[in-house]
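Undergrad:
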Amino acid sequence: SQLKAALSVNRELIQLYWEIGKSVSQKQAEEGWGAKTVGKLARDLKSTFPDLKGFSKTNISYMVKFAKEYPDFQIVQQAAGQIPWFHNIVLLEKVKDENDRMWYIKKTIENGWSRNVLLHWIDSGLHAREGQASNNFESKLPSAQSDLARETIKDPYNFDFLTLRDKFDEKELEDGLLDHIQNFLIELGQGFAFLGRQYPITVDGDDYFLDLLFYHTKLRCYIVVELKAKAFDPRDAGQMNFYLSAVDDILRTPHDNKSIGLLLCKDKKGVKVEYALRDIHKPIGVAEYETKIIDSLPENLQHSLPSIKEIEEELEKS
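First residue of the sequence shown? That's 12 in our numbering, and the numbers climb one at a time after it.
1. On the three-state DSSP scale, how would you describe phenylalanine 205?
2. Alpha helix (DSSP H) containing histidine 227: first to last residue?
3. Would a check of beta-carbon distances place leucine 103 closer than 8 Å to chain B?
4. Spatial neighbours of arginine 140 within its chain, please: CB distance less than 7 Å, with the 5 preceding and 5 following residues excluded, ordered by chain position.
5. In three-state terms, what does DSSP make of aspartate 278?
6. In the structure shown, what three-state DSSP assignment does glutamine 313 receive?
7. So for asparagine 147, helix, strand or coil by DSSP?
8. Comparing C-alpha positions only, which one of Gly272, Asp134 and Phe253 sits nearest to valine 235?
9. Taking the straight line between their C-alpha atoms, what separation do you get for tyrosine 115 and glutamine 201?
10. As a quick exercise: from Lys239, Leu230, Asp222 and Asp83, pick the residue whose alpha carbon is nearest that of proline 294.
11. Quick check: the Cα distance between proline 82 and proline 95, rounded to an integer number of angstroms?
12. Checking the sheet assignment: what are the DSSP bridge partners for proline 167?
13. Cβ of isoleucine 212 within 8 Å of Cβ of alanine 257?
14. Would you call the CB atoms of glycine 281 and serine 145 closer than 8 Å?
15. Counting C-beta neighbours from all protein chains within 10 Å, is the total for glycine 92 16 or more, i.e. buried, or is it exposed?
16. Where does threonine 242 sit, in a helix, a strand or coil, going by DSSP?
17. How big is the Cα-Cα spacing for glutamine 37 and tryptophan 29?
18. Return the CA-CA distance between phenylalanine 220 and glutamine 209, expressed in angstroms with no decimal places.
19. Give the straight-line distance between the Cα atoms of isoleucine 261 and leucine 223, rounded to the nearest whole angstrom.
20. Determine the burial state of histidine 266: buried for a count of at least 16 other Cβ atoms within 10 Å of its Cβ, exposed for fewer.
21. Check valine 106 in the structure and name its three-state DSSP category.
22. When we look at the beta-carbon of lysine 118 and count the other beta-carbons within 10 Å, is it buried (16 or more) or exposed?
23. Would you mind working out which of Gln39, Gly296 and Ala16 sits nearest serine 157, comparing C-alpha positions?
24. For asparagine 268, tell me which candidate among Ser154, Ile192 and Lys241 has the shortest Cα-Cα distance.
25. Can you grab the Cα-Cα spacing for the pair leucine 10 / valine 101, in whole Å?
26. Would you kindly work out how many angstroms separate the C-alpha atoms of aspartate 306 and aspartate 278, rounded to a whole number?
27. Can you tell me whether lysine 239 is buried or exposed, with buried defined as 16 or more other CB within 10 angstroms of its CB?
In structure tokens, the structure reads:
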């Protein structure tokens, strides 16, 4: 009931801001209202409603922009009115395309994103990455789970929080991701529960180790993540197929859905991935990852930079 009340108050506030913005916009067009008039309006509103915040000159300017971007109040009621005002300001400032803005509004409502989380996803271009990974989900999973799995996997993954050298190996990549597990989990998205690294499974007396093992609370399945410090190799798909068969037999319960594999590679070619996954029996996604901060620097500077871990260690000493 408290949540419903809060949502109702938010909708009413957004409606009020839209109506003020529309009114000011009309006055600007019809009577030539300028910045000084808007400033005077802000002072008058503050004087008339001293207990209400949000009537600064800057905020009224946002109200005007808001009303211009959403001239149809029905859109405000159905979408923008469902999220907080400061979320709307972020979207007005950061996302120019209306369809992209609606996508972020929908995701914010579905996932309950805070403003900082919304900012993170906008800055990382999530709308252009979600559901882009190469995969065989449509033919290997029931339609409902296939759609959700496709939405869950991105391409590329943004690992800008890592300072990897030019020639790194898979252990360095794994160490870096787990040193910054919070950033890694944020980038993976909602629903990933971390179960372990180098997770052991035994088949016919031989031990095998999964790079990273997760359980996804929405998909209700295990997700095996294998990290590759190189371009995708078709043999990677065969290895992942084997791991998924083992996980399904050893870990999966009757209440779990089919396990899913995610191969994170430094590079991939579309046709090669398509051929590799075509006759694989297990659901597998293949995505690239980016470490733009270091990759964009000249090679002679890459080796002179300290890693994030080294910087953190120095900060702890001081």
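Beta carbons are placed, not taken as given, at the ideal position from N, Cα and C, and that holds for glycine.
These numbers come from a predicted model, not from an experiment.
TA: Taking the coordinates as given:
1. Reduced to three states, the DSSP call for phenylalanine 205 is strand.
2. Histidine 227 -> not in any alpha helix (DSSP H); beta strand (DSSP E) instead, spanning 217-227.
3. The chain labelled as chain B is not found in the depicted structure, where only one protein chain is given.
4. Excluding positions up to five away in sequence, the list reads Lys165, Asp166 and Pro167.
5. Correct three-state label for aspartate 278: strand.
6. Caution is warranted here: a pLDDT of 49 is assigned to glutamine 313, below 50, making its placement in the model unreliable, and the coordinate value is therefore given only provisionally. Glutamine 313 falls in the helix class under three-state DSSP.
7. Asparagine 147: coil per DSSP, three-state reduction.
8. Minimum Cα distance to valine 235 is reached at Gly272.
9. The straight-line gap separating the alpha-carbon atoms of tyrosine 115 and glutamine 201 is approximately 15 Å.
10. Closest in alpha carbon position to proline 294, among Lys239, Leu230, Asp222 and Asp83, is Leu230.
11. Roughly 19 Å separates the two Cα atoms.
12. When DSSP reads this structure, proline 167 sits in no beta bridge, so it has no partner.
13. The criterion of a C-beta distance shorter than 8 Å is satisfied by isoleucine 212 and alanine 257.
14. Contact flag set, yes.
15. By the 10 Å Cβ count, glycine 92 comes out buried.
16. A small correction: the amino acid at residue 242 is alanine; threonine does not occupy that position in the sequence shown. Strand, per DSSP.
17. Distance from the CA of glutamine 37 to the CA of tryptophan 29, rounded to the nearest whole angstrom, comes to 12 Å.
18. Each residue's alpha carbon lies about 5 Å from the other.
19. Looking at the backbone, the Cα of isoleucine 261 and that of leucine 223 are separated by about 16 Å.
20. For histidine 266, the number of other beta carbons within 10 angstroms of its own is below 16, and it is reported as exposed.
21. Note: valine 106 maps to coil in three-state DSSP.
22. By the 10 Å Cβ count, lysine 118 comes out buried.
23. Nearest C-alpha to serine 157: Gly296.
24. The shortest C-alpha separation from asparagine 268 is found at Ser154.
25. Residue 10 lies beyond the residue range present for the chain, which begins at 12 and ends at 329; the question has no answer from this structure.
26. Low per-residue confidence applies at aspartate 306: pLDDT is 44, beneath 50, and the placement is therefore not dependable enough to give any value.
27. Counting every other CB atom within 10 Å of its CB across the protein chains shown gives lysine 239 a total of 16 or more, marking it as buried.
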